[in-house]
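From first to last, the protein sequence lines are chains A and B. When you line the first sequence up against full-length UniProt numbering, it's residues 1 to 368, in that order. When you line the second sequence up against full-length UniProt numbering, it's residues 1 to 368, in that order.
2 protein chains.
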Amino acid sequence: MTTKTKSTGAGALPLNSILSGDCIEAMNSLPAASVDLIFADPPYNLQLKGDLHRPNNSLVDAVDDHWDQFDSFKAYDTFTRAWLKAAQRLLKPHGAIWVIGSYHNIFRVGSALQDQGYWILNDVVWRKSNPMPNFRGKRFTNAHETMIWASKSEGAKYTFNYEALKALNEGIQMRSDWVLPICNGGERLKDEKGDKAHPTQKPEALLHRVLVAATNPGDVVLDPFFGTGTTGAVAKKLGRDFIGIEREAAYREIAEKRISKVRRFDRASLEVTQGKRAEPRVPFGQVVERGLLSPGEELTSLNGRHRARIRADGTLVALDTKGSIHQVGARLEGAPSCNGWTYWHFRRDGQTVPIDLLRQQIRAEMQS
Amino acid sequence: MTTKTKSTGAGALPLNSILSGDCIEAMNSLPAASVDLIFADPPYNLQLKGDLHRPNNSLVDAVDDHWDQFDSFKAYDTFTRAWLKAAQRLLKPHGAIWVIGSYHNIFRVGSALQDQGYWILNDVVWRKSNPMPNFRGKRFTNAHETMIWASKSEGAKYTFNYEALKALNEGIQMRSDWVLPICNGGERLKDEKGDKAHPTQKPEALLHRVLVAATNPGDVVLDPFFGTGTTGAVAKKLGRDFIGIEREAAYREIAEKRISKVRRFDRASLEVTQGKRAEPRVPFGQVVERGLLSPGEELTSLNGRHRARIRADGTLVALDTKGSIHQVGARLEGAPSCNGWTYWHFRRDGQTVPIDLLRQQIRAEMQS
DNA sequence: CAGCGTTTTGAATCCCAGG
DNA sequence: GCCTGGGATTCAAAACGCT
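In structure tokens form, the structure reads like this:
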């Protein structure tokens, strides 16, 4: 693994390495506003009572590790708010955070995020295709976990590769529920005895989707509960820089070895489908300027109920209102907003077609 | 709609009717420990248009106010904790609550539930098969809502018709993620102008699954945010009694009319698959008493590796252990537990059959 | 090796009636 | 309340093992 540093105003950033020790202290040792994305898989605070056996009498290997033990919700909240505060300081103004959890802890995390001024963008449900069943038949199969995606503050800009996710989802807008298998098979790391190296290793596919959605190549991704380093492995594959923090030396060692074997995807496959947002912006005035439509021509609304006349400056005039194609459409419809490109239509060859056709024509011309 | 009352120690219960006014006051007017299930679809818009009071009880004038974020969460929490407390008082000791919400409010609700001593049993994700797309392409399609299912307190018994839900799911235990379409089409209530009568009408299919899972016929279901009465309509169909609380007269009126048209399913179709736990217990001693097996006869284990001899009191003796059919089986297998009924076999007509066959025979006789 | 049946395992707040 | 003990309870995928 090549460790590089990025110098910032406040100090150097230990890129592509794993810090040891308490995650709050480690985060506080790093310069403020230096990280693009934080992915956090904190302890869930499972409050398991006795043993649980499967119907065949085998014992379920539960998460009873010391790091998941808290005395009370209050203790868990204190811990949560402390690390979330340190995380918030680290984020660049346009940075974002993802936190994963279950019903045991996610409500505490979500409330803390909101209280501390983070702005929730989505909650995303990981629907497990192969969850552990409920063995006693007393509840529903616990078949999902919840991730919260939040920007650093209300109104902050954030990275979202909409079109890339849409492409990942076969051309349909990506939903807030993702179906992915749990991590097992060859991907699941084992110790010398052949037992799982970490009780809660996350699948790389999950991190892949998160990082493709919410970062760009070259971004810095921090994981304060690094574990066996899934975040780092996927970040490296995707050409993102990572910083891991992990308390347990055993996990750090496994993660180091794991990530050193990872090879970065080639640059071409990292290029992500470009969204319409990245396409050149075309003012309606250009349509008029180019003579694709002429001042004085009449447009009709999608529903045929409204008409407006084009003016030379690319604005529209309707019965008692005037303004941009979007503004006039919105006012006529009594709607808060309106996409004028698809709302307004004109006649061509006896057909009624949206003016967006003309924008596409312009963009095609701009490409060549 | 036939309104009946159930008298309790503390007063009468206005069954199958809709109470007006503030839900907290209305709940406090009802007798404690009188309700089996509460289904709540609270407002989640943080600009609550007068529903909210600040901690000092001053009314929040929302719409045009610039809302300080902290103030708004605090006010929402105050409101949430107040109605949850009133709800908890109403629940019978073995009662339970379901609350539905989105990421705007569900973390507040979940934390409040935990803080007030409710015990979360599952979070259930309603995955919408036909969600509203995200028009701006800035986030993931908000394709789900979250329900929290909680018992009144830790360790409390609760109703869960496991087998019925498993049957609903084609023989596989029901998961925590439910795929259901949003409410539209003929089910969606419209006003005179043809607009939707209520902004967040829930699909009856959702309530159907909740009530089948968590109540039995004759149970009392309370909905403190009744709206257009989906909970009441489904409760009536399913032969449960309901109590609705709704402050808006217009919604009450629509709900009354809606529910009056609903017909209860016939009693037979309300019956639901029962688990084996519901069957009467039969001590193995009865098998011996009735002469279906005799003292001295030998039983063999399921895997054929172990043998035991029956004693007159219905206990077994094996090589170096004695006790109940379950205890001896468990010890011989070195297992934490063992179902002796399916473990031990005897010979009949040249076949090796489990002694459970004899229990079934006794149960059949008990029926007639 | 292919094919097929058996065993293993995964973030789990997992029983309850009767004495 | 507490303690005892009967006896009910699992899905999907990978790994393993046998023919």
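The beta carbon of each residue, even a glycine, is placed where N, CA and C say it ideally should be.
Chain-order list of residues whose beta-carbon lies under 7 Å from that of residue i (same chain, five-residue window excluded)
i, result
"residue 65(B)", "Below a pLDDT of 50, predicted positions are generally treated as unreliable, and residue 65(B), at 47, falls in that range; no measurement from the model is reported."
"residue 446(B)", "The first residue shown for chain B is 1 and the last is 368, placing residue 446(B) beyond what the model contains."
"residue 202(A)", "41, 183, 230"
"residue 126(B)", "144, 145, 147, 178, 180, 206"
"residue 252(A)", "18, 20, 246"
"residue 259(A)", "1, 229, 232, 233, 236"
"residue 215(B)", "36, 37, 159, 221, 240"
"residue 163(B)", "273, 274, 275"
"residue 24(A)", "82, 83, 86"
Chain-ordered neighbours of residue i on chain A, where CB pairs are closer than 7 Å
i, result
"residue 373(B)", "This structure cannot settle anything about residue 373(B), because the visible part of chain B is limited to 1 through 368."
"residue 134(B)", "173"
"residue 75(B)", "None at all; the shortest Cβ gap to chain A is about 13 Å."
Own chain residues within Cβ distance below 8 Å of residue i, not counting five before or after
i, result
"residue 358(B)", "287, 292, 293"
"residue 134(A)", "140, 141, 142"
"residue 119(A)", "150, 151, 152, 153, 154, 155, 156"
Span of the beta strand (DSSP E) around residue i
i, result
"residue 345(A)", "344-348"
"residue 18(A)", "17-20"
"residue 177(A)", "177-180"
"residue 40(A)", "35-40"
"residue 299(A)", "298-301"
"residue 170(B)", "No beta strand (DSSP E) contains residue 170(B), which DSSP labels as neither H nor E."
"residue 146(B)", "144-151"
"residue 63(A)", "It is not in any beta strand (DSSP E) - residue 63(A) carries neither H nor E in the DSSP assignment."
"residue 122(B)", "119-128"
Per-residue contacts from residue i into chain B (C-beta, under 7 Å)
i, result
"residue 120(A)", "103"
"residue 197(A)", "Chain B residues near residue 197(A): none, gap ~27 Å exceeds 7 Å."
"residue 176(A)", "140, 141, 142, 143, 144"
"residue 127(A)", "177"
Under 8 Å by beta carbon: chain B residues contacting residue i
i, result
"residue 329(A)", "Under the 8 Å cutoff, chain B gives no residues; its nearest Cβ is about 14 Å from residue 329(A)."
"residue 324(A)", "Those do not exist, as residue 324(A) stays about 17 Å from chain B at its closest Cβ, beyond 8 Å."
"residue 57(A)", "333, 335, 336, 337, 338"
"residue 53(A)", "336, 337"
Terminal residues of the alpha helix (DSSP H) in which residue i lies
i, result
"residue 161(B)", "Neither: residue 161(B) is in no alpha helix (DSSP H) and is coded neither H nor E."
"residue 307(A)", "Run containing residue 307(A): none in the alpha helix (DSSP H); it sits in the beta strand (DSSP E), 307-310."
"residue 326(B)", "325-333"
"residue 27(A)", "23-28"
"residue 356(B)", "356-367"
"residue 204(B)", "204-214"
Classification of residue i by the beta-carbon crowding that lies within 10 angstroms, buried from 16 upward
i, result
"residue 263(B)", "exposed"
"residue 36(A)", "buried"
"residue 241(B)", "buried"
"residue 63(B)", "Because the pLDDT of residue 63(B) is 42, which lies under 50, any placement of that residue in the model is unreliable, and the number read from its coordinates should be weighed accordingly. With fewer than 16 other Cβ atoms within 10 Å, it is exposed."
"residue 55(B)", "Confidence is the limiting factor: at residue 55(B) the pLDDT is only 49, short of 50, which leaves the residue's position unreliable, though a coordinate-based value still follows. Classification for residue 55(B): exposed."
"residue 191(B)", "exposed"
"residue 130(B)", "exposed"
"residue 50(A)", "exposed"
"residue 12(A)", "exposed"
"residue 132(B)", "exposed"
"residue 330(B)", "buried"
"residue 257(B)", "exposed"
"residue 172(B)", "exposed"
"residue 29(A)", "exposed"
Residue i CB to nearest heavy atom of the ligand MN below 8 Å
i, result
"residue 204(B)", "Judged by which ligands are present, the structure shown has none, so any question about the ligand MN falls away."
Sequence-distant residues of the same chain with beta carbon closer than 6 Å to residue i, five excluded per side
i, result
"residue 102(A)", "44, 145"
"residue 306(A)", "332"
"residue 117(A)", "153"
"residue 342(A)", "354, 356"
"residue 338(A)", "326, 329, 330"
Cross-chain neighbours of residue i in chain A, by beta carbon under 9 Å
i, result
"residue 274(B)", "Those do not exist, as residue 274(B) stays about 12 Å from chain A at its closest Cβ, beyond 9 Å."
"residue 110(B)", "103, 106, 107, 108, 110, 111"
Interface residues of chain A facing residue i [CB-CB closer than 8 Å]
i, result
"residue 162(B)", "137, 138"
"residue 114(B)", "73, 107, 108"
With a floor of 3 residues, list each beta strand (DSSP E) that falls wholly inside the region 230-286 of chain B, ordered by position along the chain.
Taking only runs of at least 3 residues, the beta strand (DSSP E) segments lying wholly in the region 230-286 of chain B are 241-245.
For the region 85-116 of chain A, list the beta strand (DSSP E) runs that are entirely contained and at least 3 residues long, ordered along the chain.
91-101
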